[in-house]
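Report on the structure given below.
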Amino acid sequence: MEEFDGEPTVTWIPGVNSQKKQMCFDWGPGEMLVCETSFNKKEKSEMVAGCPFIHIIRKDIDVYSKILRKLFNESHGIFVGLQRIEEELTGKSRKAQLVRVSKNYRSVIRACMEEMHQFAVADKDSAIGRQFSSQVSILSAMELIWNLCEILFIEVAPAGPLLLYLLDWVRLHVCEVDSLSADVLGSENPSKHESFWNLPGNTQTLTELELRWQHWHEECERHLQDGTFASNPHLESLCKVLLGDDAALLEHKELLSNWYHFLVTRLLYSQPTVKPMDLHLYAQSSLDLFLGGESSPEPLDNILMAAFEFDIHQVIKECSIALSNWWFVAHLTDLLDHCKLLQSHNLYFGSNMREFLLLEYASGLFAHHSLWQLGVDYCDHCPELGRVSLELHIERIPLTTEQKALKVLRVCEQRQMTEQVRSICKVLAMKAVRNNRLGSALSWSIRAKDAAFATLVSDRFLRDYCERGCFSDLDLIDNLGPAMMLSDRLTFLGKYREFHRLYGEKCFVDAASLLLSLMTSQIAPRSFWMTLLTDALPLLEQKQVIFSAEQTYELLRCLEDLTSGRPLCGEPDAQQLQDDDIETTKVEILRLALARNLARSVIKEGSLEGS
Amino acid sequence: MEEIYAKFVSQKISKTRWRPLPPGSLQTAETFATGSWDNEENYVSMWSIGDFGNLDSDGGFEGDHQLLCSIKHHGDVMDLQFLDQERIVAASSTGCVTIFLHHPNNQTLSASQQWTAAHYHTGPGSPSCSNAPCTGVVCNNPEIVTVGEDGRINLFRADHKEAVRTIDNADSSTLHAVTFLRTPEILTVNSIGQLKIWDFRQQRNEPTQILSLTGDRVPLHCVDRHPNQQHVVATGGQDGMLSIWDVRQGTMPVSLLKAHEAEMWEVHFHPSNPDHLFTCSEDGSLWHWDASTDGPEKSSLFHQGGRNSTFLSHTISNQANVHQSLISSWLSTDPAKDRIEITSLLPNRTLSVNSLDVLGPCLVCGTDAEAIYVTRQLFS
């Protein structure tokens with residue numbers, strides 16, 4: 001268990017009487033649900049009116065800030081771009097490309113920082129202004145750490161250029177924090193040194209540089225010894241500084257904003273060709289000297305120290321603790337992983353660190369009403385647990401409009417998540433059926449290739465037909481097209497409608513054979529057979545003979561099948577008796593019509609053609 | 612296609628529309644409106660791309676678009692159309708249709724009229740006040756036609772409190788988009804792949820014509836009419852297919868072009884150069900289709916980094932009936948002679964491009980990556 005710096009903050013839940021009642025809670029991906037229970041704190045149960053609400057508590061306010069959204073969106077673009085170029089790169093261009101990606105990330109942080117700074121300055125005195133200011137300093141710290149990681153881990157600066165990078169690093173961050181002056185120590189002397197170093201062109205090797213520097217250093221020392229500057233204490237002090245004298249540097253501590261500024265200055269004057277591996281020694285001593293035992297190191301100091309010690313895991317761990325949002329560690333870890341710097345550091349619950357952090361970040365995105373689309377791409381690039389994570393999250397996205405549903409479905413289909421597609425389509429189709437949008441319901445079941453639901457929709461149509469005597473939504477049924485094949489019931493519906501159309505167009509023979517085939521091919525549900533037979537009546541009663549003898553036999557058989565399979569169940573009540581009466585009458589009429597038709601068709605077929 | 616400016620705006624953009632210019636004006640487009648979606652608070656905003664000199668107060672560069680004003684909008688902005696120079700109509704996912712008025716002197720937006728229950732569900736299972744999202748709106752001052760997920764078509768008139776005409780249950784599925792053909796006629800597309808033409812002069816609530824694709828009933832999401840030839844219509848579908856239709860000719864599309872890999876959200880003919888067509892899609896791309904039959908020199912200049920492709924013509928109806936003089940490059944079918952050049956306009960692949968609009972040499976589009984892209988040099 002980590003120790004916390006201070007007391008945990010207390011958040012009061014409005015409406016809940018925390019003196020008297022107890023609360024219960026449950027964790028979600030980025031939020032917590034809290035509500036009041038009926039358990040009382042005291043012994044006796046008091047009938048106190050309870051708070052009827054469930055409260056959602058969000059810890060991560062970062063995600064909701066407008067300006068930070070730009071950070072999330074832009075960095076998402078960089079992240080996805082990085083995964084895509086990953087495979088193509090080898091060798092030297094790879095390192096350059098990775099450095100460029102790192103710089104991109106940093107420039108996004110800076111852009112965000114500058115925009116927030118504008119707001120902070122505009123609103124200086126209010127609480128919001130202070131919040132913006134603190135956010136600016138957090139972003140500034142993030143960029144500081146990232147920049148150092150870029151120098152040490154990605155750029156992998158060797159001795160020599162290392163110091164120049166560190167100089168730039170300090171200069172960048174000291175100057176921006178509104179410090180008093182381009183302070184004397186920082187700016188004045190390096191310019192002297194720049195010309196001395198003469199690095200563009202890089203014609204000198206490290207040893208040459210070191211020799212020249214040694215030579216110059218000795219000369220400085222000689223001047224000090226000789227007392228050349230004895231008359232002017234300022235110049236003498238300056239000379240000591242140039243020699244990298246710690247005490248002299250510390251005398252001007254107020255011009256150094258922090259210990260790493262001190263560190264780089266020390267290195268500049270005493271160890272310009274410092275090797276990366278030795279950095280941590282100087283770093284530790286700089287930290288100790290600068291703080292002078294008065295204050296203890298802050299989290300930021302620990303993170304930077306870990307970086308100087310080249311302990312990447314420690315850096316990430318400390319950042320995870322210090323920062324409230326997973327954004328920073330997720331992206332930095334991913335980039336470092338691409339630099340092949342992280343060994344498969346297995347966490348005890350079986351995932352690797354990069355995936356763990358990316359999925360934590362993605363979970364936070366999914367909890368946001370709008371940024372869930374970004375989360376999808378992060379899950380995509382986690383080979384072990386990403387897909388499972390995505391499957392769980394995607395089903396829980398609230399679907400308020402069809403357009404949003406379409407986007408979610410597209411995400412699922414692109415990743416062959418057929419189960420999720422079916423479940424989402426089913427929810428939408430059910431909603432459509434309830435709202436009486438049968439066409440929409442059908443189109444959702446077609447998309448999900450859900451035969452069962454298509455059957456349900458068709459049954460609805462058929463029921464409506466039975467009740468009303470006509471079809472609703474003819475535009476849909478008439479134009480089913482190949483979707484008709486999705487389910488038997490749907491095919492039946494389409495064909496039945498076709499029968500009605502043929503009848504309307506007076507193509508009686510075709511209509512008749514279609515009707516018969518509907519029954520004999522068994523795609524008509526039994527419950528509908530009576531209706532079909534009743535539909536056959538007008539055809540049987542036509543002047544000309546439509547059904548052939550063969551067909552009439554078939555119809556008779558169907559009728560027999562239907563009537564024989566109807567058992568009497570128990571005590572029939574009045575209504576059922578009446579229904580039965582109607583049924584019996586119908587059957588009798590049918591039998592009569594069929595018999596008559598049989599007679600006529602037999603005669604017709606038996607006689608010579610032309611009669 | 613020289614420069615395209617991107618700006619991240621912290622809200623997912625569902626619609627972008629250029630403000631129409633006064634007729635006969637020689638200016639180029641300067642102002643556009645956007646609508647957001649999927650936020651807890653959505654906004655309709657006005658932006659300007661006027662010249663600001665080299666650097667403005669924000670540090671933005673010349674050409675960068677700046678926010679002029681915005682107003683809260685209840686529900687997702689499902690569609691947006693300018694009614695005239697000052698008024699803009701917004702369709703909401705709560706079934707509400709609002710007219711916003713833009714005051715240029717103090718740069719504010721205010722809601723001037725609203726129809727709150729333009730679209731709603733009625734059904735045995737739905738509660739009495741169940742809203743249905745309004746999915747499409749089209750304007751022809753002062754008339755406004757809206758369609759929604761409830762399959763209803765409304766005809767409103769600005770300044771009239773009640774709808775002038777409502778066609779209930781015009782469609783059993785969701786109506787996705789609507790456009791005017793000739794003034795009393797509109798064309799709607801729905802989620803079972805049908806185009807329906809409605810004539811408001813007729814009293815009965817039946818479409819005068821139904822057109823559809825054979826084969827799978829792929830939902831159609833967007834429709835646009837050719838600016839000069841009122842019988843030519845382009846639609847985009849869920850499978851990313853672009854179809855060109857001649858509504859006088861039978862019930863099948865004239866050509867089918869395989870376009871995007873995912874839903875096509877918007878299709879637009881260029882209003883003054885109708886040989887150019889623009890489409891945007893869920894797959895994160897925005898394409899410029901150039902069917903102009905200019906000489907080869909021009910096409911190669913145009914063509915930096917674009918993609919050449921002969922279009923796959925899938926003619927179904929008999930073309931012999933088409934009057935020669937009215938032939939449009941979109942309707943002609945000779946694959947050897949006419950090639951459509953397709954150029955992708957966005958530099959990187961991004962999340963879905965939800966909307967686009969073109970006016971003169973300017974194009975604006977909005978994405979789910981919360982970015983707005985503007986270019987002022989479409990035909991450079």
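Same order as they appear, the protein sequences are chains A and B.
In terms of the numbering used here, the first sequence is residues 1 to 611.
In terms of the numbering used here, the second sequence is residues 612 to 991.
Idealized CB from N, CA, C, for every residue including glycine.
Note that the coordinates shown come from a computational prediction; the quantities given were computed from them, not determined experimentally.
Between the alpha carbons of B/Ala702 and A/Cys319 lies a distance of about 45 Å. By the Cβ neighbour-count rule, A/Phe25 is exposed, with fewer than 16 other Cβ atoms within 10 Å of its own.
Between A/Asn104 and A/Ile85, the CB-CB gap reaches or exceeds 8 Å.
The Cβ of A/Glu402 sits closer than 8 Å to at least one Cβ of chain B. For A/Gly375, no chain B residue has a C-beta closer than 7 Å to its own C-beta; the minimum C-beta separation is roughly 12 Å.
Chain B places a beta carbon closer than 8 Å to that of A/His369, counting this residue as a contact. Between A/Leu556 and A/Ser440, the alpha-carbon positions lie close to 39 Å from each other. In the same chain as B/Gly804, and ignoring 5 residues on each side of it, the C-beta atoms closer than 8 Å to its own belong to Ser823, Leu824, Asp827, Arg828, Val829, Pro830, Leu831 and Gly848, in chain order. Beta-bridge pairing by DSSP links B/Cys976 to B/Leu967 and B/Tyr984. The residue from A/Lys317, A/Gly364, A/Leu592 and A/Thr90 with its alpha-carbon nearest to that of A/Phe72 is A/Gly364.
Among the residues of the stretch 64 to 78 of chain A, those with a Cβ less than 8 Å away from any Cβ of chain B are Lys66, Ile67, Arg69, Lys70, Asn73, Glu74, His76 and Gly77, in the order of the chain. For the stretch 457 to 479 of chain A, the set of residues with a beta-carbon nearer than 7 Å to any beta-carbon of chain B comprises Asp473, Asp475, Leu476 and Asn479, in chain order. Judged by beta-carbon spacing, A/Leu243 lies within the 8 Å limit of A/Leu224, meaning their Cβ atoms are closer than that value.
Contact of B/Ala701 with chain A is not assigned, every C-beta pair being separated by 8 Å or more. For A/Met305, there is no enclosing beta strand (DSSP E); the residue is part of the alpha helix (DSSP H) that begins and ends at Pro299 to Phe308.
Boundaries of the alpha helix (DSSP H) harbouring A/Leu68: Lys66 to Ile85, taken from the DSSP string. For A/Arg410, the nearest beta carbon of chain B is closer than 8 Å to its own beta carbon. Counting along the chain, the unbroken alpha helix (DSSP H) around A/Arg489 starts and ends at Asp488 to Gly504. CA-to-CA, the gap between B/Phe711 and B/Leu720 works out to about 6 Å.
B/Ile951 places its beta carbon 8 Å or farther from that of B/Trp876. At a cut-off of 8 Å between beta carbons, A/Leu438 contacts chain B. Nearest to A/Leu291 by alpha-carbon distance, out of A/Asp278, A/Pro276, A/Lys253 and A/Thr401, is A/Lys253.
Out of B/Ile682, B/Pro634 and B/Leu632, the CA that lies nearest to the CA of B/Ser656 is found in B/Ile682. Unbroken beta strand (DSSP E) stretches of 3 residues or longer found wholly inside the stretch 326 to 408 of chain A: none. Looking only at A/Cys35, A/Lys66 and A/Glu74, the smallest Cα-Cα distance to A/Ile57 is reached by A/Cys35.
Under DSSP, B/His887 forms a beta bridge with B/Asp901.
Under the Cβ distance rule, B/Met689 counts among the residues neighbouring chain A, one pair being separated by less than 8 Å. Taken in chain order, the whole beta strand (DSSP E) runs of length 3 or more contained in the stretch 542 to 566 of chain A number zero. Closest by C-alpha distance to B/Cys750, out of B/Asp779, B/Pro631 and B/Leu868, is B/Pro631.
DSSP lists no beta-bridge partner residue for A/Gly160. Taking each of B/Arg987, B/His713, B/Ser896 and B/Val969 in turn and checking the Cα distance to B/Asn959, the smallest one comes out for B/Ser896. Interface annotation for the stretch 805 to 829 of chain B against chain A: Gln805, Lys807, Pro818, Ile821, Ser823, Thr825, Gly826, Asp827 and Arg828, criterion Cβ-Cβ distance under 8 Å. Residue contact with chain B for A/Pro297: absent (no Cβ-Cβ distance below 8 Å to any residue of chain B). Within the stretch 951 to 967 of chain B, Asn959, Thr961, Leu962 and Ser963 place their CB atoms closer than 8 Å to a CB of chain A, listed in sequence order.
Within the same chain, Cβ atoms closer than 6 Å to the Cβ of A/Lys240 are found at Ala248, the five residues on either side in sequence being excluded.
Residue-level contact by beta carbon holds for B/Pro744 and chain A, with a gap shorter than 8 Å.
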